[in-house]
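Novice: Residue numbers for the sequence shown follow this note's numbering, beginning at 1 and rising by one. Glycine is no exception: its CB is placed at the ideal position from the N, C-alpha and C atoms.
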Amino acid sequence: MEKEVWRFIDSGNCSPAFNMALDEALLEWHSEGKIPPTIRFYGWNPPTLSIGYFQKAEKEIDMEAVKKYGLGFVRRPTGGRGVLHDQELTYSVIVSEAHPNMPQTVTEAYRVISQGILEGFRFLGLDAYFAVPKTEEEKADLKNPRSAVCFDAPSWYELVVEGRKVAGSAQTRQKGVILQHGSILLDLDEDMLFSLFKYPNERVKERLRQNFKNKAVAINELTDRNITINEAKEAFFKGFEKGLNVQLERYELTDDELFYVQQLAKNKYETDEWNFKR
Numbered sequence: 001m002e003k004e005v006w007r008f009i010d011s012g013n014c015s016p017a018f019n020m021a022l023d024e025a026l027l028e029w030h031s032e033g034k035i036p037p038t039i040r041f042y043g044w045n046p047p048t049l050s051i052g053y054f055q056k057a058e059k060e061i062d063m064e065a066v067k068k069y070g071l072g073f074v075r076r077p078t079g080g081r082g083v084l085h086d087q088e089l090t091y092s093v094i095v096s097e098a099h100p101n102m103p104q105t106v107t108e109a110y111r112v113i114s115q116g117i118l119e120g121f122r123f124l125g126l127d128a129y130f131a132v133p134k135t136e137e138e139k140a141d142l143k144n145p146r147s148a149v150c151f152d153a154p155s156w157y158e159l160v161v162e163g164r165k166v167a168g169s170a171q172t173r174q175k176g177v178i179l180q181h182g183s184i185l186l187d188l189d190e191d192m193l194f195s196l197f198k199y200p201n202e203r204v205k206e207r208l209r210q211n212f213k214n215k216a217v218a219i220n221e222l223t224d225r226n227i228t229i230n231e232a233k234e235a236f237f238k239g240f241e242k243g244l245n246v247q248l249e250r251y252e253l254t255d256d257e258l259f260y261v262q263q264l265a266k267n268k269y270e271t272d273e274w275n276f277k278r
């Protein structure tokens, strides 16, 4: 049986505003029937702190530290917590809610889409699996994450290797389309990450940091060899093809599409109104 063909875009390292604008544009174009389901890989220039749609930047983020490190800053259209995008492969998946392989519930759709990431880890030789919150306490944590840091907050169908979280993802549904995007960490500068958030005091900061160490891990901490971004791209490309049972066809944006995304980035994702007024 022939596999369904999905579009694949590797947009390389782009500005924070462009990255979020392109994800939004792909969602829009797919909702209008202009493009097939799409998987995109991307990176960040400069490295960037992104925050979830509902987070309060002034209250939770130390903007002086963001400036000190020369980081970009952007609010995502998806929920979730703060993510430092630096040494990672970022992915997004755009697919219709009505797609025959997409379950109706957010958590089940998350599991189906994340199967592609799971297979990617396996192509890298890592034994990844889904950990599902079982106890009432774990389920309660989902509703009230204690930390503003993404990889510290539990979620349904957590992707773990050796008991620690290896990928953080967020999802939104608009115009009948699912947009899921997330980070696959190759390496992590923990000092930088924990200096970007506000804490009641140093003790709380240290406790959360210790907690994070026990819960989250970057790929290169788990393996003797150094996995490069190109190796990761190859593994997760094959992972998505296998996990979603699709064929990925490479695509480059047209000049008109690029112009549309650049305008959306400028008029929305670069503005203080979008990034700070929540």
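Looking at C-alpha atoms only, which residue of Tyr-260, Tyr-269, Lys-277, Leu-248 is the closest neighbour of Arg-40?
Specialist: Of the listed residues, the one whose Cα sits closest to Arg-40 is Leu-248.
Novice: So does the segment 199 to 206 actually touch the segment 74 to 89, counting three or more Cβ pairs closer than 8 Å?
Specialist: Output reads no: the segment 74 to 89 does not touch the segment 199 to 206.
Novice: Using the Cβ count rule (16 or more neighbours within 10 Å means buried), how would you classify Tyr-91?
Specialist: It is buried - the Cβ of Tyr-91 has at least 16 other Cβ atoms within 10 Å.
Novice: Per DSSP, Asn-13 is paired with what?
Specialist: Answer by DSSP bridge pairing, in chain order: Gly-43.
Novice: Out of curiosity, what's the CA-to-CA distance linking Lys-266 and Asp-224?
Specialist: Answer to the nearest angstrom: the Cα atoms are 42 Å apart.
Novice: Roughly how many angstroms lie between the CA atoms of Ser-169 and Leu-84, to the nearest whole one?
Specialist: C-alpha separation (whole angstroms): 13 Å.
Novice: In this structure, does DSSP put Lys-175 in helix, strand or coil?
Specialist: Reduced to three states, the DSSP call for Lys-175 is coil.
Novice: Since Val-166 and Ile-227 should fall inside the 8 Å C-beta cutoff, what is the C-beta to C-beta distance between them, to a whole number of angstroms?
Specialist: That pair is no contact at about 12 Å.
Novice: Since I believe Ala-232 is in contact with Leu-188 (beta carbons under 8 Å), could you give me their beta-carbon distance rounded to a whole number of angstroms?
Specialist: About 14 Å; that fails the 8 Å criterion.
Novice: DSSP three-state label for Gln-104, please.
Specialist: Three-state result, Gln-104: coil.
Novice: Can you tell me whether DSSP reads Tyr-53 as helix, strand or coil?
Specialist: DSSP places Tyr-53 in coil when its eight states are reduced to three.
Novice: Give me the residue from Phe-54, Pro-47, Ile-229, Gln-263 with the minimum Cα distance to Lys-67.
Specialist: Checking every option, the nearest Cα to that of Lys-67 belongs to Pro-47.
Novice: Could you say which of Glu-4, Ala-216, Phe-212, Arg-209 lies nearest to Pro-100 if we only look at CA atoms?
Specialist: Selected option, being the one with the closest Cα: Glu-4.
Novice: Count the other CB atoms, across all protein chains shown, that sit within 10 Å of the CB of Val-132; report buried if there are 16 or more and exposed otherwise.
Specialist: So Val-132 ends up on the exposed side.
Novice: Roughly how many whole angstroms lie between the Cα atoms of Glu-119 and Leu-244?
Specialist: Roughly 10 Å separates the two Cα atoms.
Novice: Measuring alpha carbon to alpha carbon, tell me which of Gln-210, Leu-222, Ala-235 ends up nearest Glu-162.
Specialist: If we check each option's Cα against that of Glu-162, Leu-222 comes out closest.
Novice: Can you give me the Cβ contacts of Phe-121 inside the same chain, cut-off strictly under 6 Å, excluding the 5 residues immediately before and after it?
Specialist: Cβ within range, chain order: Ala-128.
Novice: Just to confirm, are Ser-50 and Val-74 a CB contact at a threshold of 8 Å?
Specialist: A contact, by the Cβ cut-off of 8 Å.
Novice: Determine the contact status of Val-217 and Trp-6, defining contact as a CB-CB distance below 8 Å.
Specialist: It is not a contact, given that the beta carbons lie outside the stated cut-off.
Novice: Using the C-alpha atoms, what's the distance from Arg-173 back to His-30?
Specialist: Going from the Cα of His-30 to the Cα of Arg-173 covers about 12 Å.
Novice: When burial is assigned at 16 or more other CB atoms within 10 Å of the CB, is Gly-12 buried or exposed?
Specialist: By the neighbour-count rule (16 or more Cβ atoms within 10 Å), Gly-12 is not buried but exposed.
Novice: Please report the distance separating the alpha-carbon of Arg-209 from that of Leu-193.
Specialist: Their Cα atoms are separated by approximately 10 Å.
Novice: In whole angstroms, give me the CA-to-CA distance for Glu-44 and Val-160.
Specialist: Looking at the sequence provided, one finds Trp at residue 44 rather than Glu. Those two C-alpha atoms are separated by around 24 Å.
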